[in-house]
Amino acid sequence: MIRLMLTRLFAERSVWLLPTAGFALTSGIGLMVLGGALRLYSLDHPEFGMLYGLFASIALVLLLIPMFALMSSAARLLARRRDERLSTLRLLGAGSGQLRGLVVAEAAVLAAVGTLAGVVLYLALMPAVGLIPFAGRRMGAEGLWVGSTVLAGVCAGVLFFAVVASFLGLQRIRVTPLGIRTSRSAQQVWGGRAVVAGIAVVAVVVIYYSVPLQNQALIFGVLLAFLAVPLLAVQLIGPWVLRLVAVVQVKRAKTAEKLIAARGVLESPQQMWRQVGGAAIAAFTGVIAGSGAALMQGLEQGNITAAEQVMIGDIQRGVMVTLAVTFLMTACSVALNQSAQIVDRRDLCAGMVRMGFTLDQLQRVRRLSVMRSLTAVLIISVGAACIFVLPVLGYAIVVSPLAVATVVLALIGGAGLIRLGMLSTRPALRSVAQLR
Amino acid sequence: MGSVIWAVGLTKQYGDQSAVDGISLEVSQGESVAIMGPSGSGKTTLMHLLSGILSPDQGEVRLRDGSEDGVVVSALSAERRARLRRERVGFVFQEGLLLRELTARENVAVPLMLAGSGRRRAEEHADQWLAALGLAGMESRRPGELSGGQQQRVAIARAQAVTPGIVFADEPTGALDSATSTQVLDALLNSTTSRGAPLVMVTHDADVAARCSRIIRLEDGRVVHDSRVEETRVEESR
Numbered sequence: 001m002i003r004l005m006l007t008r009l010f011a012e013r014s015v016w017l018l019p020t021a022g023f024a025l026t027s028g029i030g031l032m033v034l035g036g037a038l039r040l041y042s043l044d045h046p047e048f049g050m051l052y053g054l055f056a057s058i059a060l061v062l063l064l065i066p067m068f069a070l071m072s073s074a075a076r077l078l079a080r081r082r083d084e085r086l087s088t089l090r091l092l093g094a095g096s097g098q099l100r101g102l103v104v105a106e107a108a109v110l111a112a113v114g115t116l117a118g119v120v121l122y123l124a125l126m127p128a129v130g131l132i133p134f135a136g137r138r139m140g141a142e143g144l145w146v147g148s149t150v151l152a153g154v155c156a157g158v159l160f161f162a163v164v165a166s167f168l169g170l171q172r173i174r175v176t177p178l179g180i181r182t183s184r185s186a187q188q189v190w191g192g193r194a195v196v197a198g199i200a201v202v203a204v205v206v207i208y209y210s211v212p213l214q215n216q217a218l219i220f221g222v223l224l225a226f227l228a229v230p231l232l233a234v235q236l237i238g239p240w241v242l243r244l245v246a247v248v249q250v251k252r253a254k255t256a257e258k259l260i261a262a263r264g265v266l267e268s269p270q271q272m273w274r275q276v277g278g279a280a281i282a283a284f285t286g287v288i289a290g291s292g293a294a295l296m297q298g299l300e301q302g303n304i305t306a307a308e309q310v311m312i313g314d315i316q317r318g319v320m321v322t323l324a325v326t327f328l329m330t331a332c333s334v335a336l337n338q339s340a341q342i343v344d345r346r347d348l349c350a351g352m353v354r355m356g357f358t359l360d361q362l363q364r365v366r367r368l369s370v371m372r373s374l375t376a377v378l379i380i381s382v383g384a385a386c387i388f389v390l391p392v393l394g395y396a397i398v399v400s401p402l403a404v405a406t407v408v409l410a411l412i413g414g415a416g417l418i419r420l421g422m423l424s425t426r427p428a429l430r431s432v433a434q435l436r
Numbered sequence: 001m002g003s004v005i006w007a008v009g010l011t012k013q014y015g016d017q018s019a020v021d022g023i024s025l026e027v028s029q030g031e032s033v034a035i036m037g038p039s040g041s042g043k044t045t046l047m048h049l050l051s052g053i054l055s056p057d058q059g060e061v062r063l064r065d066g067s068e069d070g071v072v073v074s075a076l077s078a079e080r081r082a083r084l085r086r087e088r089v090g091f092v093f094q095e096g097l098l099l100r101e102l103t104a105r106e107n108v109a110v111p112l113m114l115a116g117s118g119r120r121r122a123e124e125h126a127d128q129w130l131a132a133l134g135l136a137g138m139e140s141r142r143p144g145e146l147s148g149g150q151q152q153r154v155a156i157a158r159a160q161a162v163t164p165g166i167v168f169a170d171e172p173t174g175a176l177d178s179a180t181s182t183q184v185l186d187a188l189l190n191s192t193t194s195r196g197a198p199l200v201m202v203t204h205d206a207d208v209a210a211r212c213s214r215i216i217r218l219e220d221g222r223v224v225h226d227s228r229v230e231e232t233r234v235e236e237s238r
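Each protein sequence line maps, in turn, to chains U and C. Note that the first sequence covers residues 1 to 436 in full-length UniProt numbering. Note that the second sequence covers residues 1 to 238 in full-length UniProt numbering.
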């Protein structure tokens with residue numbers, strides 16, 4: 001039975017296209033990021049070799065959360081459109097073990113095809129990305145090559161993640177001959193998240209200042225934890241904050257579009273956070289790192305060595321590249337999640353168009369739900385970052401306004417990129433809303 | 001009684017297959033019309049043509065709008081037909097098609113808000129309709145917290161909220177048990193015909209059709225039978 005179903009897996013585009021695209025983007029971007037980081041680790045720089053390694057590690061930590069969000073989005077797409085098939089198989093007498101085997105096998109096949117496409121994407125983009133210079137010379141296509149062992153490891157990791165995620169996803173539903181039973185009530189966001197996040201941040205700060213750090217590796221480790229824990233705290237608090245924002249928006253909504261958009265976020269703040277959370281983290285770190293780099297540039301002008309000048313330029317470029325990759329992954333998450341929602345709710349979309357809703361109205365609802373959530377998280381994260389580095393930011397604005405303006409423009413450009421990700425799903429909406 | 005909608009020579013083809021083949025009909029105020037026929041006979045296509053969801057290849061559909069000749073629905077642009085459906089036509093589908101993230105009240109208020117009403121006024125109006133359909137006290141529940149019959153009554157309230165000139169229903173009781181089906185049908189008929197608006201309903205169920213004042217049977221896209229239910233009963237008693 002599993003073999004028969006697998007041979008028909010690619011017969012219906014709505015079943016395979018989105019998850020495959022999701023895994024292609026995840027593995028393609030992931031490999032490229034890893035290639036860049038490995039390149040920086042291997043730099044044989046006489047003065048700043050270790051610093052480049054540190055900055056590469058920081059960038060990896062920062063990119064971990066949007067990468068995980070993108071991978072989760074891809075894994076969730078595996079579950080789309082499978083319900084009808086599973087309940088039909090159950091009706092025909094398939095046992096739980098057979099259904100489990102089928103779901104896991106399908107996930108593995110789709111993830112494998114997607115990962116393969118991701119490797120092709122990575123190889124195709126290497127010459128273009130290789131033009132970015134670090135430490136005074138271009139990275140080059142060959143400099144971004146991760147090596148066959150790492151390549152195989154990444155592919156295996158993505159496959160493993162897909163299989164485990166699909167297996168866990170199956171535990172949350174009950175397949176009956178009449179359909180799939182899942183919770184239809186709004187997702188609850190535990191308010192204790194804020195407390196847990198707060199305790200974690202305080203714990204890291206206490207450890208950082210109270211534990212004597214003897215060797216360099218330990219200092220690096222604690223420094224990365226010092227960076228990672230607040231980010232994880234943001235990840236915990238994010239959905240809860242989005243929920244609070246959505247509650248206010250529901251109360252204040254004056255138009256039908258705003259009401260539906262806000263209710264949509266309230267239905268599942270976690271899902272919306274998976275889409276826009278990456279941007280919050282990008283904005284937070286972009287402001288901190290960007291103002292730090294701008295300050296360095298402004299203060300050191302005139303009395304620094306050529307190598308130091310290159311290093312400062314590299315830091316700024318690194319911040320921009322990290323911001324760009326984060327926003328790119330966020331835009332991909334938005335595009336994947338929104339496409340999946342359109343496919344999932346195709347009957348409702350078609351019904352609403354029959355009732356007289358226009359395509360523009362439906363698109364406006366989706367745009368409002370994403371862009372208003374994005375605006376809220378950007379305001380909160382940029383505001384928090386500004387408070388965090390207020391003196392540094394103040395100096396940076398005075399001594400290097402151009403560098404600060406560049407960061408601001410990068411944030412605006414990132415929001416634009418996410419808007420483009422949103423727009424890219426319009427053809428999918430048009431196709432399901434088409435009146436036949 | 002004056003006609004609310006009238007269609008002349010409606011034809012719709014998909015490829016070389018005629019889904020609707022030269023149908024002409026009029027529906028009057030307060031009438032309840034059941035459109036019956038085997039699968040593929042053109043019932044749903046006819047309803048979509050009458051309601052302006054689809055445009056006919058030939059023929060025209062007119063909807064009363066206060067003027068003597070009515071508005072030619074089939075001649076309007078897609079945008080204007082969408083607006084007409086939103087503001088002057090009510091729809092009830094088999095699956096309800098409620099927005100699961102909204103409460104019952106909000107689901108009913110949305111068409112009014114889209115038509116330009118303020119939120120408070122729209123929600124007050126929605127509450128009145130929900131109460132009229134026996135859903136008082138359930139306004140804040142979401143569709144997932146309501147039974148199938150209750151969800152369908154919310155869908156009826158939504159269809160009636162804009163006080164449409166005509167209501168179309170596509171198998172509105174198709175997914176319900178017989179007792180719930182009777183309640184939903186009562187609600188749909190009473191809420192529509194009691195205010196003088198006609199109801200046009202596609203159904204497979206002869207019992208449901210028998211509750212309507214008129215039955216139209218289709219076969220291969222053509223009307224093969226069109227009678228008032230009273231006439232049919234008289235014919236059967238002979």
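No residue lacks a Cβ here, since even glycine has one placed at the ideal position from N, Cα and C.
Indicate whether residue i and residue j have their beta-carbon atoms separated by less than 7 Å.
i              : j       : result
V365(U)        : E267(U) : no
V4(C)          : P198(C) : yes
L18(U)         : S339(U) : yes
A253(U)        : L244(U) : no
R217(C)        : V224(C) : yes
E101(C)        : G264(U) : yes
V404(U)        : I397(U) : yes
R345(U)        : M422(U) : no
T330(U)        : A279(U) : yes
A74(U)         : F23(U)  : yes
residue 253(C) : V200(C) : Outside the displayed range of chain C (1 to 238) lies residue 253(C), so it cannot be described from this structure.
Assign residue i to one of two classes, buried (16 or more other C-beta atoms within 10 Å of its C-beta) or exposed (fewer than that).
i       : result
R90(U)  : buried
G356(U) : buried
P111(C) : buried
I65(U)  : buried
I412(U) : exposed
R184(U) : Because R184(U) sits at a pLDDT of 47, beneath the cut-off of 50, its placement in the model cannot be relied upon, and the point is left open.
V250(U) : buried
Q434(U) : exposed
F167(U) : exposed
P239(U) : buried
M36(C)  : buried
G36(U)  : buried
T192(C) : buried
Could you list which residues in chain U have their beta carbon closer than 9 Å to that of residue i, in chain order?
i       : result
I156(C) : Ordered by position in chain U, no residue passes the 9 Å Cβ test against I156(C), which lies about 13 Å from the chain.
L114(C) : T255, A256, E257, G356, F357, Q361
R119(C) : A253, K254, T255, A256, L259
E123(C) : Residues of chain U passing the Cβ test: none, with the nearest at roughly 10 Å.
S95(C)  : Going by the sequence as given, residue 95(C) is Glu instead of Ser. Chain U residues near E95(C): D347, L348, G351.
Since residue i meets chain U, which of its residues come closer than 7 Å, beta carbon to beta carbon?
i       : result
R83(C)  : G356
R141(C) : Within 7 Å Cβ-Cβ: nothing; R141(C) doesn't reach chain U, min ~11 Å.
R211(C) : Simply none; closest approach about 24 Å.
Residue i versus chain C: which residues are under 9 Å apart at the beta carbon?
i       : result
K251(U) : Near K251(U) there are no residues of chain C at all, since even the closest Cβ is about 10 Å away, more than 9 Å.
Name the chain C residues that come within less than 8 Å of residue i, Cβ to Cβ?
i       : result
R263(U) : L99, E101, L102, E106
E267(U) : R100, E101
Examine the ligand ZN and report whether any of its heavy atoms sits within less than 6 Å of the Cβ of residue i.
i       : result
S431(U) : This structure lacks the ligand ZN; in fact it carries no ligand of any kind.
Quick one: which chain C residues come within Cβ less than 7 Å of residue i?
i       : result
E106(U) : Correct list: empty, because the minimum Cβ distance to chain C is about 27 Å.
What does residue i reach in chain U if we use C-beta pairs closer than 8 Å?
i       : result
V110(C) : A256, L259, I260
E79(C)  : T358
R64(C)  : The premise fails here: R64(C) is roughly 18 Å from chain U at the closest Cβ pair, so nothing lies under 8 Å.
*Residues within the region 371-391 of chain U neighbouring chain C, beta-carbon criterion of under 9 Å*: none
*Are the region 318-327 of chain U and the region 373-390 of chain U in contact at 8 Å, needing three or more beta carbon pairs?*
no
*asked:* Using 8 Å as the cut-off, can you tell me whether the region 136-144 of chain C makes contact with the region 271-289 of chain U, which would need three or more C-beta pairs spanning the two stretches below that distance?
replied: no
*Does the region 182-198 of chain C come within contact of the region 8-16 of chain C, defined as at least 3 CB pairs closer than 8 Å?*
no
*Any contact of the region 142-159 of chain U with the region 101-120 of chain U, i.e. 3+ C-beta pairs under 8 Å?*
yes
*Could you run through the region 336-353 of chain U and flag, in chain order, every residue whose CB is less than 8 Å away from some CB of chain C?*
D347, L348, G351, M352, V353
*Please confirm if the region 40-47 of chain U is in contact with the region 122-142 of chain U, defined as three or more CB-CB distances below 8 Å between the two stretches.*
yes
_Taking beta-carbon pairs under 7 Å, can you tell me which members of the region 48-61 of chain C lie near chain U?_
Listed in sequence order: I53, L54.
*With a cut-off of 8 Å, do at least 3 Cβ pairs link the region 169-177 of chain C to the region 426-433 of chain U?*
In this structure the region 169-177 of chain C does not lie against the region 426-433 of chain U, because fewer than three pairs of beta carbons, one per stretch, are closer than 8 Å.
*Does the count of Cβ pairs from the region 150-157 of chain C and the region 115-122 of chain C closer than 8 Å reach three?*
no
*Give, in chain order, every residue of the region 146-175 of chain C whose Cβ lies closer than 7 Å to some Cβ of chain U.*
none
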